[in-house]
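Below: the structure, in structure tokens.
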Amino acid sequence: MGEARWLPLFVTADVSIEIINSVLRSAALEKEEDEDFENRWCLVQHPNQQAVAKPSIAPVEHFQSGFLSASVEVLQDHVSKRCGETGLGHDNDVYMDWLADDAFGVIDARTAQDNTILFCVREDVDAIQEAEVRLAWNKGTRSDEALSKFIKDAGDIDDQDIMFLVENLAIDKDYAMETNVADIGLDEAKQKINDWIDLEQQEGRPRWFEFRMVVENAMKNSYGISNIGPAGVLTEMKDDFDEDGVMRY
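For what it's worth, full-length UniProt numbering labels the leading residue of the sequence shown as 1, then goes sequentially.
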């Protein structure tokens, strides 16, 4: 997450005004309990909205969302284009006084059911980090598992898995087109994997991560995710999530 002080908050389901206000009140209460946290939510009501309260404060008397049934992808695109340092709500005279273009919250149908919200965050990560996240959440592929073993101890991985990695990690595509993987020696294969890892860790690419968190801890959790990074939270703080994947602590 970047340096923006404020977080866009969308409503994508036909929930009651009481639900919306409960989210805002919970954020304000977090600040009362701990001054390190503040209400960062800014309700974005319509796609073409020109001004926004910073922050949004309960009670909100009337609210009709222009984002009903909007997908996460639509919201990602919206904040990327409409928010940020020169976007909605920015103030050139105040440092960090703008809405984030790389993070936002969503009040959806589930919010009314279990008092949780969806929190989406963008981070530049490499393929190794993505593999670590999948493995942490039991969604890893054979390539993910082999890559993890190789990084931890290249000497403790089967030759077959090494050759599998060379064939499946998009390593040096031009070379792969000209050379049969079967003709590559084991040492050369290991070197290619190491070179690929070095290159990946230098580059990275933007990826969106989704978190489900309880309303009462939303501000604390958003700060934690910002400080540690979403990929780091998903791989290193698995104990902070319950059996339903909700970040509760």
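No residue lacks a Cβ here, since even glycine has one placed at the ideal position from N, Cα and C.
Distances from the CA of Leu169 to each of Cys83, Ala146, Ile228, Asp124 were compared; the closest alpha carbon is that of Ala146. Taking C-beta atoms as the reference points, Ala103 and Ala4 count as a pair closer than 9 Å. Each of Glu18, Asp77, Ala100, Thr12 was checked against the Cα of Ser69, and the nearest Cα belongs to Thr12. Looking only at Val215, Gly204, Trp137, Arg205, the smallest Cα-Cα distance to Asp239 is reached by Trp137.
The straight-line gap separating the alpha-carbon atoms of Ala100 and Ile184 is approximately 47 Å. With fewer than three CB-CB distances shorter than 8 Å, the stretch 220 to 228 does not count as touching the stretch 189 to 197.
Beta-bridge partners of Ala103 (DSSP): Val121. A residue is called buried once 16 or more other Cβ atoms fall within 10 Å of its Cβ, and Glu132 is buried on that count.
Contact annotation, Gly66 with Asp126: C-beta distance approximately 36 Å; criterion of less than 8 Å not satisfied. Annotated three-state conformation of Val166 is helix, per DSSP. Secondary structure at Leu199: helix, using DSSP grouped into helix, strand and coil. Of the residues assessed, Met213 falls on the buried side of the cut-off, its CB having 16 or more other CB atoms within 10 angstroms. Of His90, Leu9, Asp34, Thr141, the smallest CA-CA separation from Leu43 is found for Leu9. With 16 or more other Cβ atoms inside 10 Å of its own Cβ, Gln129 counts as buried.
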